[in-house]
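I have placed the structure first, in the form of structure tokens, so that the comments after it can refer back to it.
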Amino acid sequence: MTQATYKLNQLQHYYGDKRVLDIDGLQIQKGSITGLTGPNGSGKSTLLKIMAFALKPTAGEVWFNGRREVPLSPRVRSRVTLLTQKPYLLKRSVFDNIAYGLKIRRDRDNLDSRIKEALASVGLSYEGFAHRQWHQLSGGEAQRVAMAARLILKPEVLLLDEPVASVDTKSAGQIRRASLTARKDWGCTLVIASHDLPWLYECSDTQISIANGRLFSTGKEHIIPPPYDLSQKKGPVKWIGTKGKGEYILLPPREKPDGFAVIQQEKIRICREKEKKTGWDNQITGEITSMLMEKSSHHIMTTFQAKNFSLNIRFSPDQAAALKLLPGKRLILMFHSRDIEWR
Amino acid sequence: MDFIVAGFIKAIELLINFDHSTYTAVSATLQASTCSMLISLGAGLPCGFLLGYFNFKWKRPLRTVLDTLLALPTVSVGLLVYAFISSQGPLGQFGLLFTLTGIAIGQTILAFPIVTAITASIVENIDPELKLTLVSLGAGKRNIIMTCLWEVRYGLLAAAVTAYGRVLTEVGISMMVGGNIKYHTRTITTAIALETNKGMFADGIALGIVLIGIAFAVNISLSFLRKQ
Chain A
3 MTQATYKLNQ
13 LQHYYGDKRV
23 LDIDGLQIQK
33 GSITGLTGPN
43 GSGKSTLLKI
53 MAFALKPTAG
63 EVWFNGRREV
73 PLSPRVRSRV
83 TLLTQKPYLL
93 KRSVFDNIAY
103 GLKIRRDRDN
113 LDSRIKEALA
123 SVGLSYEGFA
133 HRQWHQLSGG
143 EAQRVAMAAR
153 LILKPEVLLL
163 DEPVASVDTK
173 SAGQIRRASL
183 TARKDWGCTL
193 VIASHDLPWL
203 YECSDTQISI
213 ANGRLFSTGK
223 EHIIPPPYDL
233 SQKKGPVKWI
243 GTKGKGEYIL
253 LPPREKPDGF
263 AVIQQEKIRI
273 CREKEKKTGW
283 DNQITGEITS
293 MLMEKSSHHI
303 MTTFQAKNFS
313 LNIRFSPDQA
323 AALKLLPGKR
333 LILMFHSRDI
343 EWR
Chain B
2 MDFIVAGFIK
12 AIELLINFDH
22 STYTAVSATL
32 QASTCSMLIS
42 LGAGLPCGFL
52 LGYFNFKWKR
62 PLRTVLDTLL
72 ALPTVSVGLL
82 VYAFISSQGP
92 LGQFGLLFTL
102 TGIAIGQTIL
112 AFPIVTAITA
122 SIVENIDPEL
132 KLTLVSLGAG
142 KRNIIMTCLW
152 EVRYGLLAAA
162 VTAYGRVLTE
172 VGISMMVGGN
182 IKYHTRTITT
192 AIALETNKGM
202 FADGIALGIV
212 LIGIAFAVNI
222 SLSFLRKQ
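Top to bottom, those sequences are chains A and B. Read in order, the letters of the first sequence are residues 3 to 345 in our numbering. Read in order, the letters of the second sequence are residues 2 to 229 in our numbering.
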């Protein structure tokens, strides 16, 4: 059994009075690639900062390689590194930026050749970039330099927070390749937060969704995101499309003022046509907009879209074949409002 | 208009002829200001960093006091220092009145809040991504502090230049604490004030030009350092 690199227990974090993270438990296995998805403001960056030991959680424990650790602990700070969406480059040359981490570790052996190798791993040439100043780089080049500054350290854990969100296609490709090479070459554990679901499903072993600071298993349970209309007599509803018009999802009475409506995948029935007189109080019409095969399990991650509402549903290869799933195919999702939980 | 031109000519003459009173005034100015700047920077940079970097209970009131001290009138500082180091004052036995050391103490009181307040503002405005980056690259506390200071070095240089400008051009402290004693505690600014009072405008202008020259030389040197 592989050892867990991370174990998070009863983790909570607040900014002022606002709770931004509330995680009962999470384990990240050594050498794995974990995809982290969720809307903006859901708590992804906060979680990654805590995992990078750059932020102390308000409550809870972070265990790293079997030991409880805290920010700036010498045992972790040279083993975990985080690349943010807009990384800060130090006001010095590219060479000095990449060498910074090694210099503070007093590791100055073969700096030139190692920096050359790190730059090459992100598709930049030593001759063209090493002696440029920080302000002489484009956004994509700066991101790749920041990535090289982390890869040269050969970290045990590489945390990537939206690493390709604000860079061009070429830079994004280089960063993706470099991060996957890190696992291949020295068994680096990766946690990647990204909105780029196709890439995330393609490269990651497991995916976790985060919403309102809470974790959900991607493809096994689904968040029905706010806003919720609480003014209807029949109960709270989530409108599909324009408020007050067309289809809606009927929700059970709300239990928590700031809760999220969640439905388990096993409670959802997928059909080709609506069924009358069957007692399903939620029947949502939509179509499949994308299908991706998970690398590890060969399951099909399918995006179901109904106007502004979408769900990522995970099908086994047999289920996908039985339903004759294809992109563009019209489907009906049916589920009972009583099966929806508030969390 | 003629006396201004005459002032320029006189300035050149004084400098070329190594006029003793001019050079002693320049020397006194540089000694007192350099000494006060070294102490202000040595104490003000770490204090400013602590004030800007950390959050603690009395931070806001302390910043308000410090910001108020930025506009400290030099005569008030002179008066305060005079009261402390005069023979009747608590530090009277050290014989600091009418010495360059006394002037340096007063100028340090003037420069310290400037260095501290500007440093604190600069550190407060450091990009939060910087600390995150340093932690994620494995930096410890000492590395974080040193690298943060190095990252804002141009701002700190500006703080030093601002404080030096204030120290170099002040009259109140030098006049009250130094006593404007020729060949001893007479600085360029007190000499200008004296010469102007005597009606010797040309001499005053000459010394003024020397003072501007020093300020210019300091700025050129710092600008050169910045480019390096």
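Think of the CB as a built atom: it goes at the ideal place given N, C-alpha and C, for glycine as much as any other residue.
Neighbouring residues, chain A, relative to residue i (Cβ below 9 angstroms)
{"i": "F131 of chain B", "result": "Looking at the sequence shown, residue 131 of chain B is not Phe but Leu. Per Cβ cutoff of 9 angstroms: Y90, L92."}
{"i": "K58 of chain B", "result": "Result: empty, since nearest Cβ-Cβ is about 17 angstroms, beyond 9 angstroms."}
Sheet register partners of residue i (DSSP bridge)
{"i": "W65 of chain A", "result": "A:K9, A:R70"}
{"i": "T305 of chain A", "result": "A:S292, A:N314"}
{"i": "E343 of chain A", "result": "A:V264"}
{"i": "L38 of chain A", "result": "A:A195, A:I210"}
{"i": "T287 of chain A", "result": "A:I334"}
{"i": "H300 of chain A", "result": "Note: H300 of chain A sits in no beta bridge, so no partner."}
{"i": "Q31 of chain A", "result": "A:A6"}
{"i": "Q14 of chain A", "result": "A:D24, A:A61"}
Secondary structure of residue i, DSSP reduced to three states
{"i": "S312 of chain A", "result": "strand"}
{"i": "K20 of chain A", "result": "strand"}
{"i": "T280 of chain A", "result": "coil"}
{"i": "V153 of chain B", "result": "coil"}
{"i": "H137 of chain A", "result": "helix"}
{"i": "L335 of chain A", "result": "strand"}
{"i": "I182 of chain B", "result": "coil"}
{"i": "D163 of chain A", "result": "strand"}
{"i": "D26 of chain A", "result": "strand"}
{"i": "L325 of chain A", "result": "coil"}
{"i": "H21 of chain B", "result": "helix"}
{"i": "F217 of chain B", "result": "helix"}
{"i": "V172 of chain B", "result": "coil"}
{"i": "A12 of chain B", "result": "helix"}
{"i": "S168 of chain A", "result": "coil"}
{"i": "P157 of chain A", "result": "coil"}
{"i": "G200 of chain B", "result": "coil"}
{"i": "R143 of chain B", "result": "helix"}
{"i": "F55 of chain A", "result": "coil"}
Chain-ordered chain B contacts of residue i [CB-CB under 7 angstroms]
{"i": "K118 of chain A", "result": "Result: empty, since nearest Cβ-Cβ is about 19 angstroms, beyond 7 angstroms."}
{"i": "S80 of chain A", "result": "G139"}
{"i": "A151 of chain A", "result": "L138"}
{"i": "Y102 of chain A", "result": "L138"}
{"i": "T280 of chain A", "result": "Residues of chain B passing the Cβ test: none, with the nearest at roughly 53 angstroms."}
Cross-chain neighbours of residue i in chain B, by beta carbon under 8 angstroms
{"i": "T83 of chain A", "result": "S137, L138, G139"}
{"i": "I106 of chain A", "result": "L138, G139, A140, G141, N144"}
{"i": "K51 of chain A", "result": "L133"}
{"i": "A56 of chain A", "result": "K132, L133, V136, S137"}
{"i": "T48 of chain A", "result": "The contacting residues do not exist; T48 of chain A stays about 12 angstroms from chain B at best."}
{"i": "L74 of chain A", "result": "V136, G141, K142"}
{"i": "Y250 of chain A", "result": "Under the 8 angstroms cutoff, chain B gives no residues; its nearest Cβ is about 41 angstroms from Y250 of chain A."}
Contact list for residue i against chain A, beta-carbon separation under 7 angstroms
{"i": "T120 of chain B", "result": "By Cβ distance, chain A contributes nothing, its closest Cβ being about 17 angstroms from T120 of chain B, past 7 angstroms."}
{"i": "E152 of chain B", "result": "L92, K93"}
Any C-beta of chain D under 8 angstroms from that of residue i
{"i": "L121 of chain A", "result": "Chain labels in this structure do not include chain D; the protein chains are A and B."}
9 angstroms Cβ cut-off: residues of chain B touching residue i
{"i": "Y8 of chain A", "result": "Result: empty, since nearest Cβ-Cβ is about 16 angstroms, beyond 9 angstroms."}
{"i": "K155 of chain A", "result": "The question names Lys, yet the displayed sequence has Leu at residue 155 of chain A. What L155 of chain A touches in chain B: L138, G139."}
{"i": "T86 of chain A", "result": "E130, L133, T134, S137"}
Contact list for residue i against chain A, beta-carbon separation under 8 angstroms
{"i": "D128 of chain B", "result": "Y90"}
Near the ligand NAD: residue i beta-carbon under 7 angstroms from a heavy atom
{"i": "A203 of chain B", "result": "Ligands displayed in this structure: none; no statement on the ligand NAD is therefore possible."}
* Which runs of the beta strand (DSSP E) spanning at least 3 residues fall entirely within the segment 214 to 278 of chain A, listed in chain order? -> Runs of the beta strand (DSSP E) inside the segment 214 to 278 of chain A: 216 to 219, 223 to 226, 239 to 241, 250 to 252, 263 to 266, 271 to 273.
* Asked: Which runs of the alpha helix (DSSP H) spanning at least 4 residues fall entirely within the segment 57 to 121 of chain B, listed in chain order?
  -> 60 to 70, 75 to 86
* Asked: For the 8 angstroms Cβ check, are there 3 or more pairs between the segment 189 to 205 of chain B and the segment 170 to 177 of chain B?
  -> yes
* Unbroken beta strand (DSSP E) runs of length 3 or more, entirely within the segment 170 to 215 of chain A: which are they? -> 191 to 195, 208 to 213
* Three CB pairs or more closer than 8 angstroms across the segment 74 to 81 of chain B and the segment 174 to 187 of chain B -> As far as the Cβ criterion goes, the segment 74 to 81 of chain B touches the segment 174 to 187 of chain B, which means the pair count is three or higher.
* Contact the segment 131 to 139 of chain A vs the segment 172 to 192 of chain A: 3+ CB pairs below 8 angstroms -> no
* To do: Run through the segment 69 to 130 of chain A for me and flag every whole alpha helix (DSSP H) of 4 or more residues, listed as ranges in chain order.
  => Within the segment 69 to 130 of chain A, the complete alpha helix (DSSP H) runs of at least 4 residues are 76 to 79, 96 to 106, 113 to 123.
* Asked: Touching or not, the segment 213 to 231 of chain A and the segment 261 to 278 of chain A, by the rule of three or more beta carbon pairs under 8 angstroms?
  -> yes
* To do: Answer yes if the segment 159 to 168 of chain B comes into contact with the segment 113 to 122 of chain B, meaning at least three C-beta pairs across the two stretches below 8 angstroms, and no otherwise.
  => In this structure the segment 113 to 122 of chain B touches the segment 159 to 168 of chain B; the number of beta carbon pairs closer than 8 angstroms is three or more.
* Taking three-plus beta-carbon pairs below 8 angstroms as touching, is the segment 121 to 128 of chain B in contact with the segment 81 to 91 of chain B? -> no
* At least 3 beta-carbon pairs within less than 8 angstroms: the segment 296 to 309 of chain A vs the segment 319 to 331 of chain A -> Yes, since at least three Cβ pairs between the segment 296 to 309 of chain A and the segment 319 to 331 of chain A fall closer than 8 angstroms, the two stretches touch.
* Does the segment 28 to 35 of chain B come within contact of the segment 97 to 107 of chain B, defined as at least 3 CB pairs closer than 8 angstroms? -> yes
* **Given 8 angstroms, three or more beta-carbon pairs between the segment 82 to 97 of chain A and the segment 145 to 163 of chain A** => yes
* **Inter-stretch contact at 8 angstroms, needing at least 3 Cβ pairs: the segment 28 to 35 of chain A / the segment 188 to 195 of chain A** => yes
* **Start-end ranges of the beta strand (DSSP E) lying completely within the segment 21 to 55 of chain B, minimum 3 residues** => The segment 21 to 55 of chain B contains no whole beta strand (DSSP E) run of 3 or more residues.
* Check whether the segment 8 to 16 of chain B touches the segment 284 to 300 of chain A, taking contact to mean three or more Cβ pairs, one atom from each stretch, closer than 8 angstroms. => no
* To do: Say whether the segment 210 to 218 of chain A touches the segment 232 to 250 of chain A, bearing in mind that this needs 3 or more beta-carbon pairs closer than 8 angstroms, one atom from each stretch.
  => no
* Asked: Hey, is the segment 273 to 286 of chain A in contact with the segment 21 to 29 of chain B, meaning 3+ C-beta pairs nearer than 8 angstroms?
  -> no
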